[in-house]
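Just add 45 to wherever you are in the sequence shown, counting from 1, and you've got the numbering used here.
Cβ coordinates follow ideal geometry from the N, Cα and C atoms, glycine included.
Here is the structure we will look at.
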Amino acid sequence: MRIKRDQRDNLSLTSALEQYRNSYPEYEDEPAYHILIVLNDRLELLNKFFTAAISGNNELDLKASHELDRLVADRLG
């Protein structure tokens with residue numbers, strides 16, 4: 046499968062997953078596909094966190110930090 050690049054910016058994992066889902070709907074129930082979706086969600090959250098930290102947006106930074114803490118707590122049980 047060849048993935049087309051978005052004209053405006055770099056290819057995101059979200060758009061790659063969407064293209065994969067549209068091209069291969071028979072694999073949508075595969076565990077690897079669901080793992081990629083979860084990884085994509087985590088990467089987007091990390092992106093928000095670092096964007097907020099770089100921009101100096103303390104409110105957004107705090108919100109992203111709390112979301113990361115919640116994810117870690119959920120993961121550790």
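Own chain, CB closer than 6 Å to residue i, minus 5 neighbours either side, in chain order
i: Thr96; result: none
Through-space distance from residue j to residue i, alpha-carbon basis
i: Arg47; j: Glu71; result: Because the pLDDT of Arg47 is 49, which lies under 50, any placement of that residue in the model is unreliable, and the number read from its coordinates should be weighed accordingly. Looking at the two C-alpha atoms, the distance is approximately 17 Å.
i: Phe94; j: Ser110; result: 7 Å
i: Ala118; j: Ala98; result: 21 Å
i: Glu73; j: Gln64; result: 12 Å
i: Leu91; j: Leu113; result: 8 Å
i: Ala77; j: Arg115; result: 24 Å
i: Arg66; j: Glu75; result: 11 Å
Beta-carbon proximity list for residue i, same chain, < 7 Å, skipping 5 on both sides
i: Leu81; result: Leu62
i: Leu107; result: none
i: Glu104; result: none
* **In chain order, each beta strand (DSSP E) run of at least 3 residues that lies wholly inside the segment 60 to 87** => Within the segment 60 to 87, there are no complete beta strand (DSSP E) runs of at least 3 residues.
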